[in-house]
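So the working numbering is basically just the index in the sequence shown, starting at one, shifted up by 81. Everything below concerns the one structure shown next.
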Amino acid sequence: MNAHADHAGHGHDHGHHDEDDGAAHGTLKSYVTGFVLAAILTAIPFWLVMDRVFASSRTTALVILAFAVVQIVVHIIYFLHMDTKSESGWNMLALIFTLVLVVITLSGSIWIMYHLNSNMMPMSVHDMRNMP
Numbered sequence: 082m083n084a085h086a087d088h089a090g091h092g093h094d095h096g097h098h099d100e101d102d103g104a105a106h107g108t109l110k111s112y113v114t115g116f117v118l119a120a121i122l123t124a125i126p127f128w129l130v131m132d133r134v135f136a137s138s139r140t141t142a143l144v145i146l147a148f149a150v151v152q153i154v155v156h157i158i159y160f161l162h163m164d165t166k167s168e169s170g171w172n173m174l175a176l177i178f179t180l181v182l183v184v185i186t187l188s189g190s191i192w193i194m195y196h197l198n199s200n201m202m203p204m205s206v207h208d209m210r211n212m213p
């Protein structure tokens, strides 16, 4: 008995890999829309920085961060085809879990870097003489 005959009774067809597996695939129109949105969401922050549109660099950074978040959403929807219906919601749950881990890692790293100067050696010789 060969392997093909053994699998034939189980309903496995190894010859047709192009069948629809139920996952959403984009059309040319959706890919072009995603590309145009991504290009616009990249060009606007570039323009904001190059022309120094805002007087405050903090304002510029916050606006660029907002554009980055929108850019992520565009990529998730138009290129990764993730929504609440794909894979019965497991993709969205995995994305939320990943975001929670990223927020914990980033906030912990920022907290450590912000409080790092209290653990550093003093800068002046006078301060070093006054240490216990």
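Backbone N, C-alpha and C fix where the C-beta goes; we use that ideal spot for every residue, glycine too.
query: Would the beta-carbon of P126 fall within 8 Å of that of I145?
result: As a first step, residue 126 is located in the sequence shown; it is residue number 45 there, counting from the start. As a first step, residue 145 is located in the sequence shown; it is residue number 64 there, counting from the start. A contact, by the Cβ cut-off of 8 Å.
Rounded straight-line distance, which links the Cα of N172 to that of F178: Counted from its first residue, the sequence shown places residue 178 at position 97. Counted from its first residue, the sequence shown places residue 172 at position 91. The alpha-carbon atoms of F178 and N172 are separated by roughly 10 Å.
Which residues in the same chain have their Cβ closer than 8 Å to the Cβ of I192, if we skip the five residues on either side of it in sequence? On the sequence shown, position 111 is the one that residue 192 refers to. In the sequence under discussion, the amino acid at residue 192 is Trp, which differs from the Ile named in the question. Closer than 8 Å at the Cβ level, and outside the excluded window around W192, lies no residue.
Next on the checklist: Am I right that A119 and V155 are in contact with their C-beta atoms under 8 Å? What's the rounded C-beta distance?
Outcome noted: As a first step, residue 119 is located in the sequence shown; it is residue number 38 there, counting from the start. As a first step, residue 155 is located in the sequence shown; it is residue number 74 there, counting from the start. Rounded, the Cβ-Cβ distance is 6 Å, consistent with contact.
- Rounded to whole angstroms, what's the CA-CA distance from K110 to A149? Just pull it up for me. Taking the sequence shown and counting its residues from 1, one reaches residue 110 at position 29. Taking the sequence shown and counting its residues from 1, one reaches residue 149 at position 68. Computed Cα separation, rounded: 23 Å.
According to the Cβ coordinates, are G107 and H162 closer than 8 Å?
Numbered from 1 along the sequence shown, position 26 holds the residue referred to as residue 107. Numbered from 1 along the sequence shown, position 81 holds the residue referred to as residue 162. Yes, they are a contact pair.
- Excluding the 5 residues preceding and the 5 following E100 in the sequence, name in chain order all residues of the same chain whose CB lies nearer than 8 Å to its CB. Against the sequence shown, residue 100 aligns to sequence position 19. Model confidence at E100 stands at a pLDDT of 49, short of 50, so the residue's coordinates are unreliable and nothing is read from them.
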